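**Q** Before I ask anything, here is the structure I am working with.
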Amino acid sequence: MGEAVNAELKVTDINGDPFQEDREPAATIMPVGPNELRAWLFAEPYLKKALEHTDEWDIRDVASQYCAGKVGIVLCLNKERTPFGALCIEVMDYPKKRILQVHLFGADDHSDELWMLYIWPQLQDLARQFGCASIMGTGRDGWVRKLKAKHRYLWEVGLYPGQEN
């Protein structure tokens, strides 16, 4: 895909204006539809950061899945409407419930103030709008503690000799 976009650029009119209230929040999320190139250019550098911690995806996979509408992109914006992070999400239907799966999350700022007070509640609202019963994701143990999440173990076993897990 394209080169990383200069962080000084501002997001405007990608998918409406998330700052319609009288008081502007310190941060907000902006879900964007598939094939919105401008949004992708803002999200790509943050998703690349997140990809440093996984070997299930590379940036081409994310771009392909996004363009096909299989995964969604959510931009995290500060009050100046400048992106400071992005998530790759997918709504998944299981036989007994629907969940919002957070595949990737990369950001310049992981502070409790921005994440817990602004981004996390809005992500929960987004999941509810999709009819989800919960949000699931993989990540380092710090996220389990920060979110007071139910700790689930993800395991992986290679099937071929010499294959890394």
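So the sequence shown is numbered by our numbering: it starts at 92 and just counts up by one. Each residue gets a CB set at the ideal place from its N, CA and C atoms; glycine is no exception. The structure presented is a predicted model; accordingly, all values stated were derived computationally and were not measured.
P136 by DSSP, collapsed to three states: which one?
**A** The answer is helix: DSSP assigns P136 an H, G or I state.
**Q** When you compare each of K188, E135, A218 to D152 by their alpha carbons, which one comes out closest?
**A** The shortest C-alpha separation from D152 is found at E135.
**Q** Would a C-beta distance cut-off of 8 Å place I164 and W131 closer than the cut-off?
**A** In contact: I164 and W131 (Cβ atoms closer than 8 Å).
**Q** Here's the rule: buried if 16 or more other CB atoms are within 10 angstroms of the residue's CB, otherwise exposed. What is I120?
**A** The residue in question, I120, is buried, as its Cβ has 16 or more Cβ neighbours within 10 Å.
**Q** Going by alpha carbons, who is nearest to E181 out of A240, F196, K187?
**A** Minimum Cα distance to E181 is reached at F196.
**Q** Are P263 and L217 touching if we call contact CB-CB under 8 Å?
**A** For residue 263 there is no data in the structure shown, the boundaries of the chain being 92 and 256.
**Q** Is it true that the CB of Y137 sits closer than 8 Å to the CB of A177?
**A** Yes, these two residues count as a Cβ contact at 8 Å.
**Q** Give me, in chain order, the residues of the same chain whose beta-carbon lies closer than 6 Å to that of G222; leave out the 5 immediate sequence neighbours on both sides.
**A** Closer than 6 Å at Cβ, skipping near neighbours: R189.
**Q** Buried or exposed, going by whether 16 or more other CB atoms sit within 10 Å of the CB of L142?
**A** Classification of L142: buried, given that the 10 Å Cβ count is 16 or more.
**Q** Please go through the same chain and pick out, in chain order, the residues whose beta-carbon is closer than 6 Å to the beta-carbon of D46, but skip the five residues on each side of it.
**A** Only positions 92 to 256 of the chain appear in this structure, which leaves residue 46 out of reach.
**Q** Using DSSP with H/G/I as helix, E/B as strand and the rest coil, what is R172?
**A** Reduced to three states, the DSSP call for R172 is coil.
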